[in-house]
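Undergrad: Sequential numbering of the sequence shown, starting at 1, is according to UniProt numbering. The beta carbon of each residue, even a glycine, is placed where N, CA and C say it ideally should be. First the structure, which I've put down as structure tokens, then a few questions once you've had a look.
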Amino acid sequence: MRAHLGLGGNVGDPRGAMAAALRAIDALTNCEVVAVSRLFATPPWGKTDQPDFLNACAAIETELSPRQLLDLCLKTERDFKRVRAERWGPRTLDIDVLDFGGETYRDEALTLPHPRIAERAFVLVPLADIAPDLVVDERRVAELVDTLDAKVIAPMTEDGAWWR
1 MRAHLGLGGN
11 VGDPRGAMAA
21 ALRAIDALTN
31 CEVVAVSRLF
41 ATPPWGKTDQ
51 PDFLNACAAI
61 ETELSPRQLL
71 DLCLKTERDF
81 KRVRAERWGP
91 RTLDIDVLDF
101 GGETYRDEAL
111 TLPHPRIAER
121 AFVLVPLADI
131 APDLVVDERR
141 VAELVDTLDA
151 KVIAPMTEDG
161 AWWR
């Protein structure tokens, strides 16, 4: 199944943490990273009195279930010293499951597609790099980008090879 992940961080070495996390996921026998967006610098969202973030998105092919994929993402965050001290606060690494093959899924820990994709330029801009035709909220990602103020999202790399 093709799934899309959103990655970010703003303390420590977020670029290094995101790259290492993607390599760790890609090294698993039940996951393969098939596309990675450019790396973007983005202003903080929600809690704005903190450093800017680096954000990216990745597409993976996986044999995991949605819940197993979430558990993998949370374990990977912990492996890279993610501490959940405050909502929308600073973090070394954040990995969100954004979409899972277009499926709708909901349990106590995970809602798919991610319920706030359409309002977050820091997710939509990198996602449009790798999946512009992905449909979220009955609209293509490329169309959703046009509905938001995305001019504050700045590309930091030329392509998605930054994680290798």
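Can you list, in chain order, the residues of its chain whose CB lies under 7 Å from that of Glu32, leaving out five sequence neighbours each side?
TA: Position 32 of the sequence shown, counting from 1, holds the residue named residue 32. Only Asp26, Ile60 and Glu61 meet the Cβ criterion.
Undergrad: Is the CB-CB distance between Ser37 and Pro113 below 7 Å?
TA: Mapped onto the sequence shown, residue 37 falls at position 37. Mapped onto the sequence shown, residue 113 falls at position 113. It is not a contact, given that the beta carbons lie outside the stated cut-off.
Undergrad: What is the DSSP secondary structure of Thr76, counted as helix, strand or coil?
TA: In the sequence shown, counting from the first residue as 1, residue 76 sits at position 76. Three-state DSSP puts Thr76 in a helix.
Undergrad: Looking only at DSSP bridge pairs, what is Ala128 linked to?
TA: For the purposes of this step, residue 128 is taken as residue 128 along the sequence shown, with counting starting at 1. Answer by DSSP bridge pairing: none, since Ala128 is not bridged.
Undergrad: Can you tell me which of Thr111, Leu124, Thr92 and Leu98 puts its alpha carbon nearest to the alpha carbon of Pro155?
TA: Here residue 155 refers to the residue found at position 155 of the sequence shown. The option with the nearest alpha carbon to Pro155 is Leu124.
Undergrad: Of all the options Ala58, Ala128, Ala118 and Asp159, which has the alpha carbon lying nearest to the alpha carbon of Asp137?
TA: For the purposes of this step, residue 137 is taken as the residue at position 137 of the sequence shown. When only C-alpha atoms are compared, the closest one is Ala118.
Undergrad: Please determine if the stretch 47–58 and the stretch 140–149 are in contact, where contact requires at least 3 C-beta pairs separated by less than 8 Å.
TA: no
Undergrad: Hey, quick one: how far does the alpha helix (DSSP H) through Ala161 stretch, first residue to last?
TA: Mapped onto the sequence shown, residue 161 falls at position 161. Counting along the chain, Ala161 falls outside any alpha helix (DSSP H), and DSSP gives it neither H nor E.
Undergrad: Measuring alpha carbon to alpha carbon, tell me which of Arg67, Asp94 and Lys75 ends up nearest Arg106.
TA: In the sequence shown, the residue the question calls residue 106 occupies position 106. Considering only alpha carbons, the answer is Arg67.
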